[in-house]
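Residue numbers (UniProt numbering): 1 to 276. In what follows, a single structure is set out as structure tokens and then discussed.
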Amino acid sequence: MRILVAGAGGVVGLPLTRELIAQGHQVVGTSRNPDSRPELRDAGATVVRMDAFDLASVEHAVAEARPDAVIHQLTDLAGVDLEANAELRIVGTRNLVDAMHRYGVERIVTQSIAWLYADGEGLADETVPLREATGPGARTVEGVVAMEHTSTEIPNHVILRYGKLYGPGTWYSPDGEFGRAARDGVFAGNGIESFLHIADTVAPTAAALDWPAGIVNVVDDEPAGPAEWLPTFCRWVGAQEPTGLGPGHGRGASNAKARKLGWVPKHPSWRTGMSD
1 MRILVAGAGG VVGLPLTREL IAQGHQVVGT SRNPDSRPEL RDAGATVVRM DAFDLASVEH
61 AVAEARPDAV IHQLTDLAGV DLEANAELRI VGTRNLVDAM HRYGVERIVT QSIAWLYADG
121 EGLADETVPL REATGPGART VEGVVAMEHT STEIPNHVIL RYGKLYGPGT WYSPDGEFGR
181 AARDGVFAGN GIESFLHIAD TVAPTAAALD WPAGIVNVVD DEPAGPAEWL PTFCRWVGAQ
241 EPTGLGPGHG RGASNAKARK LGWVPKHPSW RTGMSD
């Protein structure tokens, strides 16, 4: 299969590109600056320049790639700017899907997130609606809703709602944004979290090329509130453990559907994953 990976140089995109090539696929990866991504070419991918905010640039990339499928891994997280990331989800996805329409590409796998479900009892499966776009996280919800809705215009669409990514290269790691913040006494998250080790992103994303259309939660087996996971995280990143932690609000996500489709996490719990 010929696959366009949009955002191929990212923390998920690069190992995904390597795995797809190892499986025998032809991969074209996008980058705003192809010269800065020699590792993509070293892996055997073709690299094309693409500015996701510029429709002409996106159309050129899709025209050059002529893919059988697109994997959407576009994010803007380097500066911890959630507004910029939401804008990329809205505008970048719109441009990508418009270009796919123009060139007749009918399969997309889109990276989304699994921590925006409406409150309720028990774990949230994929039928649970997302929360309302109100309050401090409203723009994030708006971005995700727009991205997912736009992706469904493609007949064969799989939307992967990843848990909160942790491990090398992510915010939740000793060298990541939240690891550094924890060492300064600032702690991220007071809700019930469903995590996903970065090493567990590649297999389900590659497999999703053959999954039926729909939404799939890709999370580990153990959702947890801050009183459970945050002390383990602090020990991992070398931070002092906070006191007075509560059980957390919100709800975790269920991975039952992903398991039915054949995916099993290599890191079923953050308890062991946050010790690597």
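C-beta: ideal position from N, C-alpha, C; glycine also.
Of the residues assessed, residue 89 falls on the buried side of the cut-off, its CB having 16 or more other CB atoms within 10 angstroms.
In this structure, the CA atom of residue 101 is about 30 angstroms from the CA atom of residue 117.
Here DSSP, grouped into helix, strand and coil, assigns residue 145 to helix. Looking at 22, 193, 132, 148, the one whose alpha-carbon comes closest to that of residue 216 is 148. Look at residue 21 here: in three-state DSSP terms it is helix. Non-local beta-carbon contacts of residue 242 in its own chain, meaning distances under 6 angstroms to residues more than five positions away in sequence, involve 187 in chain order.
In the three-state scheme derived from DSSP, where H, G and I count as helix and E and B as strand, residue 135 is classed as coil. Judged by beta-carbon spacing, residue 9 lies beyond the 8 angstroms limit of residue 49, meaning their Cβ atoms are not closer than that value. For residue 179, the uninterrupted alpha helix (DSSP H) run begins and ends at 177-183, by DSSP. Residue 192 is positioned such that its CB atom lies closer than 8 angstroms to that of residue 224.
Per DSSP, residue 117 lies in no alpha helix (DSSP H) and is assigned neither H nor E. With the rule of 3 Cβ pairs closer than 8 angstroms, the region 13-31 counts as touching the region 196-210. Take residue 238, set aside five residues on each side of it, and the residues of its chain with a beta-carbon closer than 7 angstroms to its own are 174, 183, in chain order.
Contact between residue 109 and residue 160 holds: CB atoms are separated by about 7 angstroms, below the 8 angstroms threshold.
Going by C-alpha positions, residue 236 is about 6 angstroms away from residue 274.
Judged by DSSP in its simplified three-state form, residue 257 adopts helix.
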